[in-house]
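Counting in the working numbering, the sequence shown tops out at residue 392, every number present. We put the CB at the ideal spot given by N, CA and C, even for glycine.
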Amino acid sequence: MHDFLFPNSLGFVWEKLSKYLGFSQYDASKVMGLAAYGDGAKTIELFSRIVTDKENMSVDLAVLRHESPDFTTLEALFGLPRRHTPVDFDTDNWQAYVDVAAGLQLLTEQVLLHILRKFDRTTYRHLCMAGGVALNCAANGVIVREKLFDDVFIQLASNDAGTAMGAAFLIWNQVLGHPREYVFNHAYLGPEYSDGEIEAVLRRTNLAYRKVDIEKEVAQLIANGSIVGWFNGRMEWGPRALGGRSLLADPRNKAVRELMNVKVKHRELYRPFCPSILGERAEEWFEGSASVAAGKYMLTTSRVRAEKAERIPAVVHFDGTVRAQTVYAQDNPRYHRLISEFDALTGVPLLLNTSFNDSEPIVCTPQDAINTFMKTDIDYLALGSYLISKH
């Protein structure tokens, strides 16, 4: 259909604006979280000086200067000094800065819709997206809600990390001559550890542990207010925790959001937490986009149905959206059963789910999980069929 030549890239715009707002060039997800607190309408016209043609994605490099450490053009454009520390709730001119973040988010949505509407001239009804910008779940939610396509698939490691899988597929198909037969229908492609392997690790520790009906016990612990580290089956491929290596909590408890940010994750308070919901129940709770293919990988946002929002305050973002993962029994039976057990106890078919880490890569091995469990305020650790407590 159309090519946009280097360096006309939304990704470069996000990198530069992230640094302007005091973050690193790799912190686009934090800027996206900030955007929910701003009003993009206040700054969107200023962004027309950066992206001068939305339909053809033309960037004015004299303004953006994406490879330069100079921010004077952006400072003049927005009337705000470049931040040397990340924007946060206590930042001077907080609202003005988050309006810039919101304008960037709105620009992204407008550019993507301009590009995708070109497909109206074709018979294509299924959209597949990749690239770092495809991890922008808020924009993906807008795309889905516009109903331009029958379904949307997003490669869940669609940033630079995903080139590892792409390289393997390239060799498999084009060098070795094997057919293109792989269907990407779940995220659980990483290492897995048996109960025997897990117990061998536990025996080398001083931790008390017991083998239990893990789904039933963990559901009860979460319903009682505990934060649980959940280590189950094969590790997820990509940046999202999807019930393989997750920290889980009760979405009904608003206070758990601050507790998780401050005492476990040690991250910014404005960043939202996401729900994992039974796929067959998603439409009861969320409007529209939770049930598409992208929803399995936590890569799109949905609006919470008004009558449900007050029941799950810990996972509803400031703008009334959630970035939900839809969980199906055929993909992860143990995780699906856990959520089902929690639903039986509470009438809520979802859990707060965030990545099992503390300012580090997501845990991979049983020893990784034990290390993070011991240094944070996680209450319980579920390792395979074993339950470990600090109490």
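Cβ-based burial, T301 [other Cβ within 10 Å; buried from 16]: Taking the first residue of the sequence shown as position 1, residue 301 is located at position 300. Per the 10 Å Cβ criterion, buried.
Same chain, Cβ closer than 6 Å to I396, neighbours up to 5 away in sequence not counted: Because the chain in this structure spans residues 2 to 392, residue 396 falls outside the shown range and cannot be described.
Which listed residue (R181, G23, L113 and R146) has its alpha carbon closest to that of D93: As a working mapping, residue 93 is identified with position 92 in the sequence shown. Looking at the Cα atoms, G23 is the closest of the given residues.
Member of I363, L208, S360 and G385 whose CA lies at the smallest distance from the CA of H392: For the purposes of this step, residue 392 is taken as the residue at position 391 of the sequence shown. Distances from the alpha-carbon of H392 to those of I363, L208, S360 and G385 put L208 closest.
8 Å contact criterion, which Y387 and R211 should meet: CB distance rounded: Along the sequence shown, read from residue 1 onward, the residue named residue 387 stands at position 386. Along the sequence shown, read from residue 1 onward, the residue named residue 211 stands at position 210. Sure, about 7 Å apart at Cβ, within 8 Å.
Three-way DSSP call (helix, strand, coil) for Q368 in this model: Within the sequence shown, residue 368 is the residue found at index 367, counting from 1. Reduced to three states, the DSSP call for Q368 is helix.
Three-state secondary structure assigned by DSSP to K148: Counting from 1 along the sequence shown, the entry for residue 148 is found at position 147. Here K148 sits in coil by DSSP.
Pairwise C-alpha distance: A330 and Y98: For the purposes of this step, residue 98 is taken as residue 97 along the sequence shown, with counting starting at 1. For the purposes of this step, residue 330 is taken as residue 329 along the sequence shown, with counting starting at 1. One C-alpha to the other measures close to 43 Å.
Residue span of the beta strand (DSSP E) that contains Y381, given as start and end: In the sequence shown, the residue the question calls residue 381 occupies position 380. It spans Y381 to L384 - the beta strand (DSSP E) in which Y381 sits, taken as one unbroken run.
Sheet register partners of I340 (DSSP bridge): Locating residue 340 in the sequence shown gives position 339, counting from the first residue. None, per the DSSP bridge assignment.
Cβ-based neighbour list, A242, same chain, cut-off 7 Å, excluding 5 preceding and 5 following: The sequence position of residue 242 within the sequence shown is 241, counting from 1. N354, T355, S356, F357 and I363, listed in sequence order.
Minimum length 3: unbroken beta strand (DSSP E) runs contained in the stretch 94-137: Uninterrupted beta strand (DSSP E) stretches at least 3 residues long and entirely within the stretch 94-137 occur at 127-130, given in chain order.
Nearest residue (CA-CA) to V202, options F5, T366, A37 and F7: As a first step, residue 202 is located in the sequence shown; it is residue number 201 there, counting from the start. Taking V202 as reference, the option from F5, T366, A37 and F7 with the minimal CA-CA separation is T366.
Contact under 8 Å by Cβ, V305 with F287: Working through the sequence shown from its first residue, we reach residue 305 at position 304. Working through the sequence shown from its first residue, we reach residue 287 at position 286. Result yes, Cβ atoms of V305 and F287 sit closer than 8 Å.
For D161, three-class secondary structure by DSSP: Here residue 161 is taken as the residue at index 160 of the sequence shown, counted from 1. DSSP places D161 within a helical segment (H, G or I) once states are collapsed to three.
Beta-carbon proximity of D100 to G34, cut-off 8 Å: Walking along the sequence shown from the start, residue 100 turns up at place 99. Walking along the sequence shown from the start, residue 34 turns up at place 33. Judged by their CB atoms, D100 and G34 are not nearer to each other than the 8 Å cut-off.
Where the beta strand (DSSP E) containing K212 begins and where it ends: Within the sequence shown, residue 212 is the residue found at index 211, counting from 1. Here the beta strand (DSSP E) through K212 covers Y210 to K212.
As assigned by DSSP and simplified to three states, the class of E76: Start at 1 with the first residue of the sequence shown, and residue 76 comes out as number 75. Helix, per DSSP.
Spatial distance of I379 from V219 (CA atoms): Position 378 of the sequence shown, counted from the first residue, corresponds to residue 379. Position 218 of the sequence shown, counted from the first residue, corresponds to residue 219. Going from the Cα of I379 to the Cα of V219 covers about 13 Å.
Contact check, L47 vs V14, beta carbons under 8 Å: Within the sequence shown, residue 47 is the residue found at index 46, counting from 1. Within the sequence shown, residue 14 is the residue found at index 13, counting from 1. At the C-beta level, L47 and V14 stay beyond 8 Å of one another.
Cβ separation of A325 and I278, assumed to be a contact under 8 Å, to the nearest whole Å: Position 324 of the sequence shown holds residue 325. Position 277 of the sequence shown holds residue 278. Between I278 and A325 the Cβ distance is about 5 Å, and since that is below 8 Å, they are a contact.
Reduced DSSP category for L248 - H, G, I as helix; E, B as strand; rest coil: As a position in the sequence shown, residue 248 is number 247, starting the count at 1. When DSSP states are grouped into helix, strand and coil, L248 belongs to the strand group.
Cβ-based neighbour list, S341, same chain, cut-off 7 Å, excluding 5 preceding and 5 following: What you label residue 341 is simply residue 340 of the sequence shown in a count that begins at 1. Same-chain partners within the cutoff: L279.
Per-residue burial, I223 [other beta carbons within 10 Å of its own, 16 or more giving buried]: Here the question's residue 223 lines up with position 222 in the sequence shown. Buried is the call here.
R253 vs V349 beta-carbon contact at 8 Å: For the purposes of this step, residue 253 is taken as the residue at position 252 of the sequence shown. For the purposes of this step, residue 349 is taken as the residue at position 348 of the sequence shown. Closer than 8 Å, so yes.
Rounded straight-line distance, which links the Cα of S30 to that of L11: As a working note, residue 11 is residue 10 in the sequence shown. As a working note, residue 30 is residue 29 in the sequence shown. Looking at the two C-alpha atoms, the distance is approximately 14 Å.
Status (buried if at least 16 other CB within 10 Å, exposed otherwise) for M236: Here residue 236 refers to the residue found at position 235 when the sequence shown is read from its first residue. Taking all protein chains shown into account, M236 has 16 or more neighbouring C-beta atoms within 10 Å of its C-beta and is therefore buried.
Integer-rounded CB distance, given that L149 should sit under 8 Å from F120: One-based indexing of the sequence shown puts residue 120 at position 119. One-based indexing of the sequence shown puts residue 149 at position 148. Between F120 and L149, the beta carbon gap of about 7 Å places them in contact (Cβ cut-off 8 Å).
CA nearest to the CA of E308, picked from T327, K297, E285 and H318: Position 307 of the sequence shown, counting from 1, holds the residue named residue 308. Here the closest residue by C-alpha is E285.
Opening and closing residue of the alpha helix (DSSP H) in which F13 lies: Position 12 of the sequence shown, counted from the first residue, corresponds to residue 13. L11 to Y21 is the extent of the alpha helix (DSSP H) around F13.
From I172, N57 and S25, residue whose alpha carbon lies closest to that of R118: Taking the first residue of the sequence shown as position 1, residue 118 is located at position 117. Ranking I172, N57 and S25 by CA distance to the CA of R118 puts N57 first.
Residues that L352 bridges to, as DSSP identifies them: Counting from one through the sequence shown, the residue named residue 352 turns up at place 351. DSSP links L352 through a beta bridge to S277.
Proximity to R338 [Cα-Cα], best of G244, M375 and E259: The count along the sequence shown starts at 1 and reaches residue 338 at position 337. Minimum Cα-Cα distance from R338 among the listed residues G244, M375 and E259 corresponds to G244.
Where the beta strand (DSSP E) containing F232 begins and where it ends: Residue numbering aside, residue 232 sits at position 231 when the sequence shown is read from its first letter. Run containing F232: V229 to F232, per the beta strand (DSSP E) assignment.
Helix, strand or coil at Y298 according to DSSP, with G and I counted as helix: Position 297 of the sequence shown, counted from the start, is the residue given in the question as residue 298. Helix at Y298.
N- and C-terminal bounds of the beta strand (DSSP E) containing Q326: Taking the first residue of the sequence shown as 1, we reach residue 326 at position 325. In the DSSP annotation of this structure, the continuous segment of the beta strand (DSSP E) that includes Q326 starts and ends at Q326 to V328.
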